[in-house]
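Undergrad: Mapping of the sequence shown onto our numbering: position 13 corresponds to residue 13, and the numbering continues sequentially without gaps.
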Amino acid sequence: MKWPPDWCERYFKRKYHTIDPVVRRTPMLSRPFLWDHLAEHYQLQPDERRVLEEAREGA
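Set out below in C-alpha cells:
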C-alpha cells in the first residue's frame with residue numbers, strides 16, 4: 001500500500017479497521033469493487049462514511 005504515513009497512523013490509532021466498510025464488506029463480496037463506490041451500493045453507517053471521507057482526504 002502507498003498510503004501516507006499520517007493517514008496510516010490515524011487509521012490505526014482511531015481503530016478504523018473495526019469500522020472500515022471496505023474491511024467489513026470485503027468477505028461478503030465475490031467480485032472486485034472500488035472502495036469509494038461502496039456508499040453507492042450499500043447503506044453505510046455514519047462512522048463508516050466518515051472513514052471513507054477521511055480516506056479520500058488522506059490519500
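Note that beta-carbon positions come from the ideal geometry of N, C-alpha and C, so glycine has one too.
Would you report the Cα separation of Q45 and E54, rounded to the nearest angstrom?
TA: Here the question's residue 45 lines up with position 45 in the sequence shown. Here the question's residue 54 lines up with position 54 in the sequence shown. One C-alpha to the other measures close to 14 Å.
Undergrad: What's the gap between the Cα of L52 and the Cα of Y16?
TA: Walking along the sequence shown from the start, residue 52 turns up at place 52. Walking along the sequence shown from the start, residue 16 turns up at place 16. L52 and Y16: Cα-Cα distance of roughly 10 Å.
Undergrad: Could you spell out where the alpha helix (DSSP H) holding D47 opens and where it closes?
TA: Taking the first residue of the sequence shown as 1, we reach residue 47 at position 47. P46 to G58 is the extent of the alpha helix (DSSP H) around D47.
Undergrad: With DSSP run on the structure shown, which of helix, strand or coil describes W3?
TA: Here residue 3 is taken as the residue at index 3 of the sequence shown, counted from 1. Note: W3 maps to coil in three-state DSSP.
Undergrad: Measure the alpha-carbon distance for R24 versus T18 and round it to whole angstroms.
TA: Counted from its first residue, the sequence shown places residue 24 at position 24. Counted from its first residue, the sequence shown places residue 18 at position 18. Computed Cα separation, rounded: 8 Å.
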